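*Asks:* Have a look at this one before I ask anything.
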Amino acid sequence: MAHAACSSFAQRLVASTATKRGETSRTNATMKVQKPLAAREGAFLGTRALSAPSTTSSAVSRKTQTTKAGLGLGDIFGGDLIQPNIGDFLNDLETYSSLGCYVPPEGGYEGRFITAAKRNGYQVLNVNARGLGDVEAYLTKVHGIRPPPLGKQPIQRFYEPGMINMIQDNLPANKKRVLVWIQECKVLSKMEITYLAVLAAENPDIKIVCEVGVDRYFNWKALKDVYGLVPGKFETA
């Protein structure tokens, strides 16, 4: 009985050893297959070797990079408060009669300049270029207006004078200065922009400000310099 038990134990030990050897051989075969695949993958990615990085302190090198946000006082308090330029804006408005402005897309800056113009005696007409239609007629001439019919109402049409004319007719004789502030002038053609520049140049009591683009800070140029206008020529290009 003892001899049979010993032989049975020896057989089980041999079987377990063979099983472990088989698993080891399969593992080695798998590693041999994976290594060529890793090498080919490394060659494809353009790397020399796909070896794990060393964890020793001598081989690890880290560099700390400091990134500046670029936030200045002008971003906190407003550029016109740090560098007072409202006076320059009013002087250029008197000199050139028409200006092309670049305003921040979030808004806010242009309100200070509009308020300053009101303090200096201007009656401000704030309009959007998308709703002007015929620029010349809507600003200075009698033009037709047809409201949309609702239900079975008859189609109606009525006429009213230009917006600038209506404002000037209601102002005192010594205070007829009008500032037309037009938003989104990027939708206007060059011919319409030229008309606005000529209108301001020929009428001393009319000033034009066109929002022609966006920028981080409020800045402006003469309208003729923004679009490269030639005096006396109307171009559609």
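FYI, the working numbering numbers position 108 of the sequence shown as 122, with every residue one higher than the one before it.
Glycine included, each C-beta is placed from N, C-alpha and C at the ideal position.
Please read these numbers as outputs of a predicted model, since none were measured by experiment.
(1) Buried or exposed: which applies to A66, given that a residue is buried once 16 or more other Cβ atoms fall within 10 Å of its Cβ?
(2) Name the two residues that bound the continuous alpha helix (DSSP H) containing F127.
(3) May I have the straight-line CA-CA distance separating F103 from F127, to the nearest angstrom?
(4) When the cut-off is 7 Å and only beta carbons count, does Y231 lie next to chain C?
(5) Going by beta carbon distance, what residues of the same chain come within less than 7 Å of V138, once the five residues before and after it are set aside?
(6) Compute the Euclidean distance between the alpha carbons of K221 and V141, then round it to the nearest angstrom.
(7) Tell me which residue opens and which closes the beta strand (DSSP E) that I100 is part of.
(8) For G158, write down the residues that DSSP places opposite it in a beta bridge.
(9) Measuring straight from C-alpha to C-alpha, what distance separates L237 and R171?
(10) For N179, collect the residues of the same chain with a Cβ closer than 7 Å to its Cβ; drop the 5 residues on either side in sequence, then sort them by chain order.
*Replies:* Reading off the structure:
(1) Its pLDDT being 47, under 50, A66 is placed unreliably in this model, and the value from its coordinates should be taken loosely. Per the 10 Å Cβ criterion, exposed.
(2) That run of the alpha helix (DSSP H) goes Y123 to R133.
(3) Using only the alpha carbons, I get a separation of about 8 Å.
(4) Although the question refers to chain C, the structure presented lacks it and comprises just one protein chain.
(5) In chain order, I128, A131, K132, L193 and W195 place their CB closer than 7 Å to the CB of V138, counting only its own chain and leaving out the 5 sequence neighbours on each side.
(6) As the crow flies, the alpha-carbon of K221 is around 14 Å from that of V141.
(7) No beta strand (DSSP E) holds I100; the alpha helix (DSSP H) holding it covers I100 to Y110.
(8) DSSP, once it has assigned bridges, lists Y173 as partnering G158.
(9) Taking the straight line from one Cα to the other gives about 35 Å.
(10) If we look at N179 and ignore the five residues flanking it on each side, its Cβ neighbours are T154.
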